[in-house]
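Heads up: the sequence lines are chains A and B, in that order.
For any residue, its number in the working numbering is found by taking its place in the first sequence, counting from 1, and adding 28.
For any residue, its number in the working numbering is found by taking its place in the second sequence, counting from 1, and adding 1453.
Here's the structure, in structure tokens; my notes come after.
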Amino acid sequence: MSDIRFTKDHEWVRVEGDTATVGISEYAQEQLGDVVFVELPTVGADVEAGGDAAVVESVKAASEVYSPVSGRIVEINEDLEASPSLVNESAEDEGWFWRIELSDPDELDELMTAKDYKAFLEGLD
Amino acid sequence: MSQELKQTPLHALHAELGAKFVPFAGYDMPVQYPAGILKEHLATRASAGLFDVSHMGQVRLTGPDADVQLERLVPGDIVALQPGEMRYTMFTNERGGVLDDLMVTRRADDVFLVVNAGCKDADIALLRTALGEGAVDYQPDRALLALQGPGAVAALARLAPESAALGFMKAASVSIAGTAAWISRSGYTGEDGFEISLPGAAADAVARLLLAQPEVAPVGLGARDSLRLEAGLCLYGNDLTPDITPIEAGLTWTISKRRREGGGFPGDAVIQAQIANGPARRRVGIQPEGRAPARAHTAVLGGGEVIGEVTSGGFGPSAGGPVAMGYVARGFAKAGTAIELDIRGKRHAAAVVKLPFTPHRYAKQDLRST
């Protein structure tokens, strides 16, 4: 069973072993509207938790996507290049952004569980 | 916060339709409806979109010489307008920069202006100073709807049959379900369509009637912006500012021979010199290669040097990719010139292209091409 965590900036991270998959939440894609372009990080790049890693462009505006965890980028979702709308259609599954090899798995403890995130979203309204 | 924002007479209808609101020029305005900006944009190009533009300023100028007086403030040929004819022009400053762009229509008893929401207070003050308090009648109680797209004429003609006979940039008084409305065959999307000025109290009923037509979908400010960008039309505050002249903006066509030669408007000498010698920079279409949109303020490079800036840019739903407009130095303004864009620190190849990105489809001839 994989474990999904969320940030206050609306990224999600799903951990499988010592790698994790990262994307933006269903709530985030809804707020952004139609996604038309995603600028992904470079495979092999090192990112820090909270650091800029990608940019998602909707029709309206460009938004930074921060890495929820530190580590090395090991894979990017190349399908997003041809079909950025995957982010709208399947934000928390097929619309993933990148996979990362975790350098500090303890960082995950600071992120919200799905239940915490749901409560966090309710507090935003 | 939102309580300080003004609302148009259609606010309740927008909310009922599920609009997402954004603050815009002091108003709480619908940026999109549940269909989303992409679908609203494409629906306008394929059929028809209804936009609430009641935040814009509607102003009547009265008095026997209102046309002559207005010409002291704008380079457009106002005196030549026949009743029911409209024209696009701009208020200029002493440097030839643009203070606002506006639509001017001569009517039987007045000269009717539609000005931008964000500029209207300054425009009204300018007009009152120049023409006198009594000659300037600001009409905040009127609403303004824009019905745009190839299906607009069929939809409106069902309610006001005489609208079908109206030519591009012509205007007339019609009755829509018992409401006296002032309509013009104009708009700001590059499509055929109408702008409909009517009493605010009647706006909700008329908007519902229009939305009940099979061609018509509600469209928010988000798609209005992408439509006008693809159509190569300037957005005040982005593509036009007090530091940009109509000549630099490629709007020389709005200035008639009589007014070019005679001047008599703020900044006339600067504008006449730019017409004679060519401006140092020009507004151009910019086609980015690849998929990354170039937003406003993106630096434009030519030969490795910064030669200009994007002033409007984003994703063009009808163009199917990124589109942009901006100002580049003379020498780089020719269509086909290879340029680069600095998007978040990375160089992206792009080219100067002819505007518009999507062909204009006005009712008759295209008055906006030069």
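C-beta: ideal position from N, C-alpha, C; glycine also.
- Nearest C-alpha to residue 1549 (chain B) among B:1815, B:1716, B:1804 and B:1510: B:1716.
- With respect to the 8 Å criterion, residue 1589 (chain B) and residue 1514 (chain B) are classified as neighbours on the basis of their beta carbons.
- Taking every protein chain shown into account, the CB of residue 1730 (chain B) has fewer than 16 other CB atoms within 10 angstroms, so this residue is exposed.
- Following the DSSP letters along the chain, one finds residue 1801 (chain B) inside the beta strand (DSSP E) bounded by residues 1799 to 1806.
- Rounded to the nearest angstrom, the gap between the Cα atoms of residue 1489 (chain B) and residue 1674 (chain B) is 11 Å.
- In this structure residue 1638 (chain B) touches residue 1647 (chain B) by the C-beta definition: roughly 6 Å separates them, less than 8 Å.
- When only Cα atoms are considered, residue 1629 (chain B) and residue 1612 (chain B) end up about 6 Å apart.
- Inside the segment 1508 to 1592 of chain B, DSSP marks whole alpha helix (DSSP H) runs of 4 or more residues at positions 1519 to 1524 and 1573 to 1584, from first to last along the chain.
- Unbroken beta strand (DSSP E) runs of no fewer than 3 residues, entirely contained in the segment 50 to 123 of chain A, are found at 63 to 67, 80 to 86, 90 to 94 and 99 to 104, following chain order.
- Contact of residue 123 (chain A) with chain B is not assigned, every C-beta pair being separated by 8 Å or more.
- The beta carbon of residue 61 (chain A) sits closer than 8 Å to some beta carbon of chain B.
- Taking the C-beta atoms as reference points, residue 75 (chain A) is found nearer than 8 Å to residue 99 (chain A).
- Contact annotation: residue 1625 (chain B) and residue 1650 (chain B) have beta-carbon atoms that are not nearer than 8 Å.
- Contact fails between the segment 1528 to 1545 of chain B and the segment 1478 to 1486 of chain B, because fewer than three Cβ pairs, one in each stretch, are under 8 Å apart.
- Residue 1507 (chain B) and residue 1557 (chain B) have their C-alpha atoms some 17 Å from each other.
- Ranked by Cα distance from residue 1645 (chain B), the options B:1680, B:1667 and B:1664 are led by B:1680.
- For residue 1626 (chain B), the enclosing beta strand (DSSP E) starts and ends at 1624 to 1629.
- Burial of residue 126 (chain A) is indicated by the presence of at least 16 other C-beta atoms within 10 angstroms of its C-beta.
- In the DSSP assignment, residue 1755 (chain B) is bridged to B:1758.
- The criterion of a C-beta distance shorter than 8 Å is satisfied by residue 1764 (chain B) and residue 1749 (chain B).
- The beta carbon of residue 1656 (chain B) lies closer than 6 Å to those of 1462, 1463 and 1596 in the same chain, with the five residues before and after it left out.
- Look at residue 39 (chain A) here: in three-state DSSP terms it is strand.
- According to DSSP, residue 1635 (chain B) shares a beta bridge with B:1626 and B:1650.
- By the neighbour-count criterion, in which 16 or more other beta carbons inside 10 Å mark a residue as buried, residue 1525 (chain B) falls on the exposed side.
- Nearest in C-alpha terms to residue 1784 (chain B), of all of B:1761, B:1777, B:1533 and B:1776, is B:1761.
- Taking a beta-carbon distance threshold of 8 Å, residue 1746 (chain B) counts as an interface residue toward chain A.
- Taking a Cβ-Cβ threshold of 7 Å, the residues of chain A close to residue 1491 (chain B) are 62 and 87, in chain order.
- Contact of residue 90 (chain A) with chain B by beta-carbon distance below 7 Å involves 1748.
- Apart from the 5 residues on each side of it in sequence, residue 1535 (chain B) sits with its Cβ closer than 8 Å to the Cβ of 1559 in its chain, given in chain order.
- A direct Cα-Cα distance of roughly 5 Å separates residue 1621 (chain B) from residue 1816 (chain B).
- Looking at the DSSP output, residue 130 (chain A) bridges to A:99.
- For the pair residue 1710 (chain B) and residue 1540 (chain B), the Cα-to-Cα distance works out to about 15 Å.
- When A:130, A:119, A:112 and A:114 are compared, the shortest CA-CA separation from residue 97 (chain A) is found for A:130.
- A straight line joining the alpha-carbon of residue 1642 (chain B) with that of residue 55 (chain A) spans about 31 Å.
- With respect to residue 39 (chain A), residue 93 (chain A) sits close: the two C-beta atoms are nearer than 8 Å.
- A Cβ-Cβ separation of about 5 Å places residue 1522 (chain B) in contact with residue 1584 (chain B) under the 8 Å criterion.
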